[in-house]
Amino acid sequence: MAIVNGKEYPQLIILKMTSQLRTLMTIIRDENTKRNDFIFYADRINRLLIEEGLNCLPTSEKTVTTRTGEEYVGSEFVGKICAVPIIRAGLSMESVIREVAKKIRIAHILIQRDEETAKPIFYKSWLPEDIKERYVFILDPMLATGGSANATIATLKENQVDESKIIFINLVSVPEGIEAVLGTYPNIKMITAEVDRGLNENAFILPGLGDFGDIYFGID
Ligand code: PRP
Ligand code: URA
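Residues 3 to 222 in this note's numbering are what the sequence shown lists, from first letter to last.
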């Protein structure tokens, strides 16, 4: 549960702002940070977010025998997962989730914001047939108006994915975007690293960091 602008969001997790995370966020927001550093530190934050996302998955009890011959009562993951990076910026999170989730399926969805209106334009999705049986991680580092995320969730729901199995991971968000997504789909889970002040007249996040996809993929 997290509170944003005085409103409670039971399904929202905001990462604890440790000195480590504050420092990483500062590096990726700094306009003087070089692209290689931006990639390295954004990947580190994405790793923290994805680990938190994995904590949302169900587990069941499992007992193993250790090499001392004693029993250890532990747990194991249950259920299959699929990641859905929103192309383009979401692709930056794909390699990070592959590092921690061995048997994961990766689907893709191509949505681009119209540069004039900031409305999402849906182009195409590539989803595995069994997606409705999986826990689905939507990956997109920026949550601004929430249009791209909502278009993605709508596509997943058309493919019979239950809202309760969707975990949306983003790196920087704003109150408007959180309300747009969790107000529409209150049963999904959302994990963010930091909630910024709001949007400017071009629907860019303030203080934000600029165009994540352009920086990460080196488009000037
Ligand atoms: C950016 C970002 C999100 C979207 C967020 O993508 O990666 O997908 O904007 O904005 P929203 O919440 O208002 O929809 P963009 O469409 O600019 O493309 P990119 O990933 O190629 O940079
Ligand atoms: N997409 C970005 O990359 N940055 C923003 O501030 C908003 C959308």
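A virtual CB, placed ideally from N, CA and C, is assigned to each residue, including glycine.
| query | Are L14 and L184 touching if we call contact CB-CB under 8 Å? | reply | yes
**Asked** Taking only runs of the alpha helix (DSSP H) that begin and end inside the region 17-46, which ones reach a length of at least 4 residues, in chain order?
**Response** 21-31
Under DSSP, the beta strand (DSSP E) around R115 begins and ends at which residues? 110-115
Alpha carbon to alpha carbon, how far is I106 from I83? 6 Å
Sorted by chain position, which residues of the same chain lie with C-beta nearer than 6 Å to Y74's C-beta, five sequence neighbours on each side aside?
V66, T68
Practice prompt. Quickly, what does DSSP pair F214 with across the bridge? List them, please.
Written response: Answer is none; F214 lacks a bridge partner.
Compute the Euclidean distance between the alpha carbons of E178 and K134, then round it to the nearest angstrom.
29 Å
Alpha carbon to alpha carbon, how far is A146 from A109? 22 Å
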